[in-house]
Amino acid sequence: MLAALLVMAGIAIVLGAVLGYSAIKFRVEGNPLADKIDAILPQTQCGQCGYPGCRPYADAIVNGEADINLCPPGGEEGIHKLSELLGVEFKPFGSDMQPKPKAVAFIDEATCIGCTLCIQACPVDAIAGAAKQMHTIIAAECTGCELCLPPCPVDCISMKTIGEDVGNWKWKYPLFALRPTSQETPLVTSA
Amino acid sequence: MRPLFAFHGGIHPPANKAQSTQLPVLRAPLPAKLTIPLRQHAGESAKPVVQVGDRVLKGQLIGEPEGFISSSIHAPTSGTITAVDPQAIPHPSGLPDLCITLIPDGKDEWIARQAVDYRTLPADELRHRLRMSGIVGLGGAVFPSDIKLRPLRDHPNKIIDTLIINGAECEPYITCDDMLMRERAADIVQGAEMLRFTLAAREVLIGIEDNKPEAIAAMRRAVADSGLPFEVLAVPTLYPGGSAKHLIKVLTGLEVPSGALPTDIGVQCFNVATTYSVARALAHGEPLISRIVTVTGNVHQPRNYEALLGTPLNELVALSAPLPDTARYIMGGPMMGMPLDTLALPLVKAGNCVIAASSALFPPAPPAMPCIRCARCAQVCPAELQPMDLYWFARAKDFGKAQAFSLFDCIECGACSYVCPSHIPLVQYYRFAKSEIRAREQEKIAADKARERHEYRELRIEREKQEKAERLAAKEKAALAAKPAAPATPPEDASPENSAQRKIQAALDHAQAQAAAVTPKNTVNLSPEQLAEIAKIEARRAHIRELAQSDVEHPKE
Numbered sequence: 001m002l003a004a005l006l007v008m009a010g011i012a013i014v015l016g017a018v019l020g021y022s023a024i025k026f027r028v029e030g031n032p033l034a035d036k037i038d039a040i041l042p043q044t045q046c047g048q049c050g051y052p053g054c055r056p057y058a059d060a061i062v063n064g065e066a067d068i069n070l071c072p073p074g075g076e077e078g079i080h081k082l083s084e085l086l087g088v089e090f091k092p093f094g095s096d097m098q099p100k101p102k103a104v105a106f107i108d109e110a111t112c113i114g115c116t117l118c119i120q121a122c123p124v125d126a127i128a129g130a131a132k133q134m135h136t137i138i139a140a141e142c143t144g145c146e147l148c149l150p151p152c153p154v155d156c157i158s159m160k161t162i163g164e165d166v167g168n169w170k171w172k173y174p175l176f177a178l179r180p181t182s183q184e185t186p187l188v189t190s191a
Numbered sequence: 192m193r194p195l196f197a198f199h200g201g202i203h204p205p206a207n208k209a210q211s212t213q214l215p216v217l218r219a220p221l222p223a224k225l226t227i228p229l230r231q232h233a234g235e236s237a238k239p240v241v242q243v244g245d246r247v248l249k250g251q252l253i254g255e256p257e258g259f260i261s262s263s264i265h266a267p268t269s270g271t272i273t274a275v276d277p278q279a280i281p282h283p284s285g286l287p288d289l290c291i292t293l294i295p296d297g298k299d300e301w302i303a304r305q306a307v308d309y310r311t312l313p314a315d316e317l318r319h320r321l322r323m324s325g326i327v328g329l330g331g332a333v334f335p336s337d338i339k340l341r342p343l344r345d346h347p348n349k350i351i352d353t354l355i356i357n358g359a360e361c362e363p364y365i366t367c368d369d370m371l372m373r374e375r376a377a378d379i380v381q382g383a384e385m386l387r388f389t390l391a392a393r394e395v396l397i398g399i400e401d402n403k404p405e406a407i408a409a410m411r412r413a414v415a416d417s418g419l420p421f422e423v424l425a426v427p428t429l430y431p432g433g434s435a436k437h438l439i440k441v442l443t444g445l446e447v448p449s450g451a452l453p454t455d456i457g458v459q460c461f462n463v464a465t466t467y468s469v470a471r472a473l474a475h476g477e478p479l480i481s482r483i484v485t486v487t488g489n490v491h492q493p494r495n496y497e498a499l500l501g502t503p504l505n506e507l508v509a510l511s512a513p514l515p516d517t518a519r520y521i522m523g524g525p526m527m528g529m530p531l532d533t534l535a536l537p538l539v540k541a542g543n544c545v546i547a548a549s550s551a552l553f554p555p556a557p558p559a560m561p562c563i564r565c566a567r568c569a570q571v572c573p574a575e576l577q578p579m580d581l582y583w584f585a586r587a588k589d590f591g592k593a594q595a596f597s598l599f600d601c602i603e604c605g606a607c608s609y610v611c612p613s614h615i616p617l618v619q620y621y622r623f624a625k626s627e628i629r630a631r632e633q634e635k636i637a638a639d640k641a642r643e644r645h646e647y648r649e650l651r652i653e654r655e656k657q658e659k660a661e662r663l664a665a666k667e668k669a670a671l672a673a674k675p676a677a678p679a680t681p682p683e684d685a686s687p688e689n690s691a692q693r694k695i696q697a698a699l700d701h702a703q704a705q706a707a708a709v710t711p712k713n714t715v716n717l718s719p720e721q722l723a724e725i726a727k728i729e730a731r732r733a734h735i736r737e738l739a740q741s742d743v744e745h746p747k748e
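Line order of the protein sequences matches chains A and B. Count the first sequence with our numbering and you get residues 1 to 191, in order. Count the second sequence with our numbering and you get residues 192 to 748, in order.
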């Protein structure tokens with residue numbers, strides 16, 4: 001009886017020590033799920049979700065505070081990916097939160113007074129300039145978050161939609177006629 | 192005799208090459224207007240370096256390379272620049288792109304051409320010369336040739352064993368390389384020697400499909416005349432034997448691994464037309480401003496023309512007199528070419544062939560039927576893929592799976608669509624999936640960059656805050672150290688809070704002392720009437736104060 005108790009207690013102590021040791025040794029810094037969510041988010045850092053950046057939104061999703069359909073720049077595809085990752089139902093965007101076509105900010109350099117307010121607002125340091133010097137957008141770094149628009153005192157920043165050109169054109173999903181027609185607008189449908 | 196090897200699959204479409212090889216290459220007349228696109232090569236578009244109104248000479252640089260993978264563009268003849276604006280170009284998207292419009296003056300006046308001896312030039316200089324001569328792969332990929340010559344000579348681990356000159360020209364109808372080899376073999380051999388020297392390659396193999404006996408004979412003659420130890424090999428005619436990877440397999444038995452480059456297995460491959468233009472660029476100082484293009488199909492006189500880049504395709508096609516029942520045109524071959532919506536497009540470096548198509552020659556594809564998984568596509572796929580599975584994944588937009596099934600090893604040769612009994616446009620699905628995957632990768636890179644910049648910004652703001660606090664503390668300390676003899680300062684008061692409190696106290700005392708020192712000037716020497724009025728005002732104020740007080744204590748119900 002006593003021997004059995006001692007054996008059980010011994011096992012418990014050994015296992016407890018192993019668990020305690022591995023809890024320290026193999027401790028996971030941060031939440032890996034938040035990292036995975038953050039990887040799906042488009043990193044525009046626009047704050048449209050109501051959180052100050054993509055990472056805080058990812059953390060909020062992990063904590064169950066935020067819904068998965070709050071990121072318009074990620075598009076519906078982003079929601080699909082999140083729902084797949086988190087094992088929850090797909091949820092469409094609300095009517096006030098519709099994805100917009102991709103755009104970059106553009107500063108009208110004739111109007112800019114060099115106040116640096118937009119530089120302070122830009123979450124990805126994509127605006128170059130200094131006090132009383134004209135500012136300009138580094139278009140390649142601009143995420144199109146629109147955070148520079150409200151602080152501008154002279155409204156010299158506008159958003160320019162990135163149009164399709166030969167450089168960024170993509171092959172389209174093949175569509176072809178179900179049956180050949182001689183009409184101008186053939187009956188087209190996907191295969 | 193060197194043993195040849197076979198690659199998997201392949202098809203035998205009707206060659207239709209004899210029609211356009213009956214007549215020698217004709218120099219196309221100078222058109223009235225040239226439209227020269229600035230994107231005629233893989234990679235970044237060239238940057239225009241001329242302005243509207245400039246007079247340019249034949250061979251003058253009008254677009255300079257921008258970025259690593261880029262090439263230059265030259266004026267094909269002398270004349271005046273009349274526009275630098277977006278115009279229609281031959282591209283599957285049909286979208287316009289930046290072009291330079293040149294009105295020729297008819298003088299065809301060359302710039303000063305400078306021939307160089309490739310043997311005395313450092314490799315860097317040689318590559319730069321090719322880059323500035325606009326030399327790109329004319330086999331179809333239009334990849335800048337200087338990059339293909341790049342790391343090798345000074346890279347000890349990568350030795351180029353074999354240089355392959357690709358004269359296979361496997362695609363039906365196209366005969367521009369065939370005619371080039373027949374008529375200008377000596378220049379091609381000279382260019383091959385230049386490339387061999389630059390790459391320090393051990394051997395040179397010239398592969399030509401055996402349906403071009405005249406070209407093989409001409410090249411063998413030219414090699415014999417030059418005395419160089421090159422081998423001209425007749426390879427069996429099998430589509431797509433002209434694909435670089437497959438020609439390498441046939442000639443050397445080596446297979447380019449998935450995702451690797453031919454240089455990784457010690458082989459480099461250049462098209463014959465590219466080789467010819469290398470010779471023209473180095474030995475004659477002529478940049479790439481013209482190319483040989485086949486006009487064939489439903490025309491009176493199918494033949495090859497040497498045309499200036501930028502020549503309108505409709506003028507070129509008119510030279511061969513298309514037959515009245517021509518319904519549409521194809522640029523490139525029938526297997527990999529693209530249909531043209533209009534002929535009001537310029538000839539570009541990639542433009543090896545224009546086919547006039549009638550419904551008799553190219554009957555419209557029957558409607559696509561469901562895939563029956565007969566696997567005929569897998570039997571003919573030269574890349575040894577499973578086209579029916581790739582089709583399934585691409586159609587379902589399951590891009591991860593498509594990539595896992597080696598979608599990017601697909602060379603888009605169209606052999607699978609050719610044999611498909613259900614007439615499914617398979618290559619279109621692969622192209623869609625490939626460009627979608629590439630776009631996503633770009634987005635991913637952009638997002639990662641944005642995340643990095645955002646995190647760095649947060650870090651910087653935090654750091655600046657900390658630095659500011661430290662600076663303030665240091666200043667505080669310095670100020671204290673400056674007056675250590677002050678008797679009112681006990682040593683334990685050196686902490687920042689105490690000093691701040693003391694400062695505030697000192698400021699308050701100072702303000703009070705000042706207020707006490709200043710007496711209001713309007714309250715002395717007053718007349719009795721003024722005093723009476725002041726007393727009245729004071730009484731009223733007291734009354735109001737009293738009322739307000741009572742209101743607060745007994746608020747009205």
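Backbone N, C-alpha and C fix where the C-beta goes; we use that ideal spot for every residue, glycine too.
DSSP places Ala-518(B) within a strand segment (E or B) once states are collapsed to three.
Membership of Ser-417(B) in any beta strand (DSSP E) is not indicated; the residue belongs instead to the alpha helix (DSSP H) covering 404-417.
The DSSP-derived three-state label of Cys-460(B) is strand. Counting along the chain, Thr-502(B) sits inside no alpha helix (DSSP H), nor does DSSP assign it H or E at all. Proximity of chain B to Glu-141(A) at the Cβ level (cut-off 8 angstroms) is accounted for by Lys-640, Ala-641 and Arg-644, in chain order.
Contact check for Ile-480(B) against Gly-358(B) fails: the beta carbons are separated by 9 angstroms or more.
One alpha carbon belongs to Pro-150(A), the other to Val-62(A), and they sit about 30 angstroms apart.
Membership of Val-571(B) in the alpha helix (DSSP H) is indicated by the continuous run 567-571.
In the three-state reduction of the DSSP assignment, Val-333(B) falls in the coil class, being assigned neither a helical nor a strand state.
Under DSSP, the beta-bridge partners assigned to Ala-105(A) are Met-159(A). Closest option to Val-380(B), judged by alpha-carbon separation, among Ala-464(B), Ala-556(B), Leu-217(B) and Asp-455(B): Ala-464(B). Taking Ser-22(A) as the centre and dropping the five residues before and after it, the same chain places no C-beta closer than 7 angstroms to its C-beta. Look at Trp-583(B) here: in three-state DSSP terms it is helix. Taking a contact as a CB-CB distance under 8 angstroms, the pair Gly-270(B) and Asp-296(B) counts as one, their CB atoms being some 5 angstroms apart. Pro-287(B) is not a Cβ neighbour of Ile-294(B), given a cutoff of 9 angstroms. In chain B, no part has a C-beta under 9 angstroms from the C-beta of Gln-48(A); the shortest such distance is about 15 angstroms. Contact annotation, Ile-264(B) with Ala-237(B): C-beta distance approximately 5 angstroms; criterion of less than 8 angstroms satisfied. In the three-state reduction of the DSSP assignment, Glu-667(B) falls in the helix class.
In the displayed model, Pro-287(B) falls within a strand according to three-state DSSP.
Any Cβ of chain A closer than 9 angstroms to the Cβ of Ser-284(B) would place that residue at the interface, and such an atom is present. For His-475(B), the secondary structure class from DSSP, reduced to helix, strand or coil, is helix. Close CB contacts of Met-134(A) within its chain, under the 7 angstroms cut and outside five residues either way in sequence, are with Glu-109, Cys-112 and Gly-114 (chain order).
A distance below 6 angstroms between beta-carbons, with the five flanking residues on each side excluded, links Lys-208(B) to the following residues of its chain, in chain order: Thr-366.
Of the residues Glu-627(B), Phe-334(B), Thr-443(B) and Lys-659(B), the one whose Cα lies closest to the Cα of Glu-394(B) is Thr-443(B). Here Arg-193(B) carries a coil assignment [DSSP, helix/strand/coil].
Beta-bridge partners of Ser-481(B) (DSSP): Leu-499(B). Look at Glu-658(B): its C-beta is not under 9 angstroms from any C-beta on chain A. Note on Cys-49(A): 16 or more other CB atoms within 10 angstroms of its CB, so buried under the neighbour-count rule. Counting along the chain, the unbroken beta strand (DSSP E) around Ser-549(B) starts and ends at 544-549. Residue pairing by DSSP places Asp-276(B) opposite Cys-290(B) in a beta bridge. Residues of the segment 603-634 of chain B that bring their beta carbon within less than 7 angstroms of a beta carbon in chain A comprise Pro-616, Gln-619, Tyr-620, Arg-622, Phe-623, Ser-626, Glu-627 and Ala-630, in sequence order. With a 10 Å radius around the Cβ and a threshold of 16 neighbouring Cβ atoms, Met-97(A) comes out exposed. Residues of chain B with a Cβ closer than 7 angstroms to the Cβ of Lys-170(A) are, in chain order, Ser-626, Glu-627 and Ala-630. Taking CB atoms only, Lys-588(B) has a neighbour in chain A less than 9 angstroms away.
The beta-carbon of Leu-149(A) is placed no less than 9 angstroms from the nearest beta-carbon of chain B.
Assigned with DSSP and collapsed to three states, Ala-139(A) falls in coil, not helix or strand.
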